[in-house]
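Here the structure is laid out as structure tokens; the discussion comes afterwards.
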Amino acid sequence: MFVGLIILAVFAIYFYNQNNKNVNQRAIEILDKKLIDGEISEDEYLNKKYLIER
-18 MFVGLIILAV FAIYFYNQNN KNVNQRAIEI LDKKLIDGEI SEDEYLNKKY
32 LIER
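Residue numbers (our numbering): -18 to 35.
Rendered as structure tokens:
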């Protein structure tokens, strides 16, 4: 039973990390668009991208 809990925990962590990668990628895509459209400066872009990727 203990081994089953460990396996379940590993799967949960894996899927949680996959979901975070998707969310972070989408946030960077939105940030890219804002930079291209001139809504934010390059400095603001770099600062926000750094925060997303942390």
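No residue lacks a Cβ here, since even glycine has one placed at the ideal position from N, Cα and C.
Burial state of L27, where buried means 16 or more other Cβ atoms lie within 10 Å: Locating residue 27 in the sequence shown gives position 46, where the first residue counts as 1. Exposed.
L12, buried or exposed, once every other Cβ within 10 Å from all chains shown has been counted against 16: Sequence index remark: in the sequence shown, residue 12 carries index 31 (1-based). Burial call: buried.
Extent of the continuous alpha helix (DSSP H) to which G19 belongs: As a working mapping, residue 19 is identified with position 38 in the sequence shown. Note, G19: premise wrong, no alpha helix (DSSP H); not H, not E.
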